[in-house]
Amino acid sequence: MTSIVKSTVNIRIPRCTERGDGERKVLGMTDRKIRIMVAKPGLDGHDRGARILSRFFRDSGFEVIYTGCHQTPEQIAASAVQEDVDVVGLSCLSGAHRYLFPRVVELLKERGADDITVIGGGVIPDQDFPMLLDAGIKAIFTPGATLESIAEWIRENVNV
Amino acid sequence: MYFDKETLEISSELRKKWEDEVKKAVARHPDRKERWSTVSDLEIKRIYGPEDLRNTDFQRDIGYPGQFPYLRGNQATGYRGRCWTFRMFAGMGSAQDTNARWHMLLKQGQTGLSTAFDFPTLMGYDTGDPHARGECGKCGVAIDTLEDFLQLVNGIPLDRITTSMTINPPASVLWAMYCAAAELKGVPLTRIGGTIQNDMLKEFIAQKTFMCPPEPSVKLISDTIEFGTKYVPRWNTISISGYHIREAGSTALQELAFTLRDGIEYVEDVIRRKGLDVDSFAPRLSFFFNSHIDFFEEICKMRAARRIWAKVMRDRFKAKDPRSWWMRFHTQTAGCSLTAQQPYNNVVRTAMEALAAVLGGTQSLHTNSLDEVWCLPTDHAVEIALRTQQIIAEETGVANTIDPLAGSYFVEALTNEMEEKAWEYIRKIDDMGGMVAAIEKGFPQMEIADAAYHFQHQIESGEKTMVGVNRYATDEAAEIPYLEIDDRIEKEQMERVEAVRRKRDGKALKKSLDDLRNACRKGDNVMPFCIEAVKSLATLQEICDVYREVYGEYTDPAMY
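Chains as they are written, first to last, in our numbering: chain Z, 8 to 167; chain F, 1478 to 2037.
Here it is as structure tokens:
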């Protein structure tokens, strides 16, 4: 029996997909820098994007913690709590996002840290967007999303 | 001298006139941009002429194919005697799925096999390990035990088809499986041929599949080189790779320099650690380059690579066998040059990149499929990619004559420039104490990070163009077939491994792993013990855990 399923899908390039639920937070007025953890869940070694983003966030005035490759969701959730970050940005290009992204959200919830905004990016086909958004990923960035557009989304949506 | 004095004088005179014309023309119509550079941001002049080859010596620097310094190719007959190998990188889902794809490719005229493993296999984990969750079969084929491997090579004539395996930290284990499979099929080790990538330095530098720290990683590589030299003479025990360095964002020059410096490090280690004569193993060293979108830069990079390596082997290592001087390499078109947007444009990009690889004189080629930005390729997309090579080989006529761009002012000047700048990097790394020391300092990693960041800014500012991304973009959805790997495969694979575990002879298994552990501790060559372990049906991770236990684990230093 073969395990491969083929399907024809519309590959859209939405650049950023988020759920328009009208729950935009009122932005705080503090001067504190946004703390972001850029994380590479799973065994994927494609870290070019994650490293470029980390540097860009740092240059844009964020406080950045970059986990490096090969982090389990458990390690990511634990460090996110320990580092007291505002945002976790997950990057995955191996196709394992369907398991890894929701798992990070779930573990943060278990640790009582569901105030941390979790966003994700990588090679993610649009048929996976609904399940990721349902699982609590706040925004998904795909090829074509500029560095600035991602930083902008974070500034607009993350309360510090 | 490449040109005599008289020619240079005439050229200089004509050049002056041309420069005057240019000045006038530019005054009327300024150039479309001020600075022209390759995709790697190497500045390119408006024109090249004889004066750019002033210091070139025909005999010393150019010559003929099959002659030192092999700028024009290793083989005197070029592609006429033997075309490059059409070798498509393939692997997905289970061993059975991948075996089916391999048979399809062979039926379509592919001439060699190349294996993509999934991430757990690449990292030395079994499918059931917590680190592996969600990854099974996604980026390649899942192999946990010899039984999976036998399924993978089912119906493949191991004495006739050469197989390349992109595997690094657990290269010894997968190669041991190949050797064991050959033995079970009655094919002697002296008759199997293929390649294991087995290049850990570029993993620390760029690709990030690692397991043990650099020093023992290099030791394991030297073990495989020694074993191959003695018992598996047709096997390429390493494919020293620039591909991943480039994909991580390096320039063409960095790819060239770091790859060759990695090669130097391995040769030094085998000589020092194993005491082998350089000519006994150097002919089996192979290389692997990226063919990116900047046409001439790629061709010149490959030509320069051959010339540098010939000099390294003859002058630095005093190799005497001309086959030790040859740089033989595989090429893959650049995954990172493809775009998710307007994916059909990727067919065109891949064709250009493949053409550059052929004009650069590659021995073997993988052409990316149009959908590889999104997923593992579908059968149809792979077929187009394979046909691209066949069209280049059999319709375009570019394989009719050897190194057709030789003697071009531009091509020779750019080849020279890349060689000179690569030597600068090589010397710099020599001064740092070698590549392992440079990696420990983070030097190549940060050079690449800088280049990748610079390029991203060039794209976002519009300084460099990617069609469909920052120019000629559309909002239209592209409808392409998407190959999805079913999540069920993970459970099925775990069940298969469980079934194998149940039928193993526990005593034989324990003994084989104990023997391997002792060999690691004593510093013996691990290969014979590794072969015994896979034959006793030890899983990939059980063997890799022995390596981790003895040699320690390496984690990503997370530099950016």
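C-beta atoms are modelled at their ideal positions from N, C-alpha and C, and glycine is treated no differently. These numbers come from a predicted model, not from an experiment.
Helix, strand or coil for Ser1768/F per DSSP? strand
Quick one: give me the first and last residue of the alpha helix (DSSP H) that Thr1484/F is part of. Lys1482 to Arg1505
Compare the C-alpha of Gly75/Z against each of Ser98/Z, Val88/Z and Leu107/Z and name the closest. Nearest option by C-alpha distance: Ser98/Z.
For a cutoff of 8 Å on Cβ pairs, would you count Gly1568/F as touching chain Z? no
Could you check whether Arg1537/F and Asp1880/F sit closer than 8 Å to each other, using their CB atoms as the reference points? no
Give the DSSP-derived three-state secondary structure of Arg31/Z in the structure shown. Caution is warranted here: a pLDDT of 48 is assigned to Arg31/Z, below 50, making its placement in the model unreliable, and the coordinate value is therefore given only provisionally. The three-state reading of DSSP puts Arg31/Z in coil, since its state is none of H, G, I, E or B.
For Arg118/Z, decide whether its Cβ has a neighbour in chain F, counting only Cβ atoms nearer than 8 Å. no
Per-residue contacts from Arg1610/F into chain Z (C-beta, under 9 Å): Gly49, Thr79, Pro80, Ala103, Tyr106, Leu107 and Arg110
Could you tell me whether the Cβ of Arg162/Z comes closer than 8 Å to any Cβ of chain F? False, the Cβ-Cβ gap to chain F never drops below 8 Å.
Cβ pair Arg1826/F, Leu1836/F closer than 8 Å: no
List the residues of chain Z whose Cβ lies closer than 9 Å to the Cβ of Pro1597/F, in chain order. Leu50
Is there a Cβ of chain Z sitting closer than 8 Å to that of Lys1941/F, yes or no? no
Quick one: give me the first and last residue of the alpha helix (DSSP H) that Pro109/Z is part of. His104 to Glu117
Between the beta-carbon of Pro1710/F and the beta-carbon of Met1677/F, is there less than 8 Å? no
Test: Cys2021/F CB closer than 8 Å to a CB of chain Z: No - not a single Cβ of chain Z is within 8 Å of the one on Cys2021/F.
For the alpha helix (DSSP H) containing Ala2010/F, list its first residue and its last residue. Met2004 to Lys2012
Find the residues of chain C that neighbour Met1600/F, judging by a C-beta separation of less than 9 Å, and give them in chain order. Among the protein chains of the structure shown, namely Z and F, there is no chain C.
At the level of alpha carbons, what is the spacing between Ala1729/F and Ser1517/F? 6 Å
Taking the continuous beta strand (DSSP E) assigned at Ala1567/F, which residues delimit it? Thr1562 to Ala1567
Cutoff 8 Å: Pro137/Z Cβ touching any chain F Cβ: no
When you compare only the Cα positions, how much space is there between Trp1803/F and Thr1839/F? Approximately 12 Å, taken between the alpha carbons.
Provide the residue span of the alpha helix (DSSP H) that contains Met1600/F, from first to last. Phe1596 to Met1600
For the alpha helix (DSSP H) holding Val88/Z, just list the boundary residues, first then last. Counting along the chain, the alpha helix (DSSP H) containing Val88/Z begins and ends at Pro80 to Gln89.
Fully enclosed by the segment 1774-1836 of chain F, which alpha helix (DSSP H) runs are 4 residues long or longer? 1799-1802 and 1822-1836
If you run the structure through DSSP and keep just helix, strand and coil, what is Arg42/Z? strand
What are the boundary residues of the alpha helix (DSSP H) that includes Phe1704/F? Unbroken alpha helix (DSSP H) run through Phe1704/F: Pro1691 to Tyr1708.
Asn1845/F burial status per 10 Å Cβ neighbour count (16 or more: buried): buried
Members of the segment 1914-1938 of chain F that neighbour chain Z once the beta carbon cut-off is set at 8 Å: Ala1926, Ala1929, Tyr1930, Gln1933 and Glu1937
With DSSP collapsed to three states, give me the class of Leu1590/F. strand
For Val1977/F, which residues of its own chain have a beta-carbon under 6 Å away from its beta-carbon, when the five flanking residues on both sides are left out? Thr1622, Glu1624 and Leu2014
What do you get for Gln89/Z, buried or exposed, if any count of 16 or more other CB atoms within 10 angstroms of its CB means buried? Classification of Gln89/Z: exposed, given that the 10 Å Cβ count is below 16.
Compare the Cα-Cα distances from Val125/Z to each of Gln134/Z, Arg65/Z and Ile147/Z and report the closest residue. Ile147/Z
Assuming contact is defined by CB atoms lying nearer than 8 Å, are Val45/Z and Ala57/Z in contact in what I supplied? One thing to note: Val45/Z has its Cβ within 8 Å of the Cβ of Ala57/Z.
Whole-Å CB distance - Arg1738/F paired with Met1912/F, under 8 Å assumed: 5 Å
If we define contact as Cβ-Cβ less than 8 Å, is Cys1616/F a contact residue for chain Z? yes
With 16 other CB atoms within 10 Å as the buried threshold, where does Gln2018/F fall? buried
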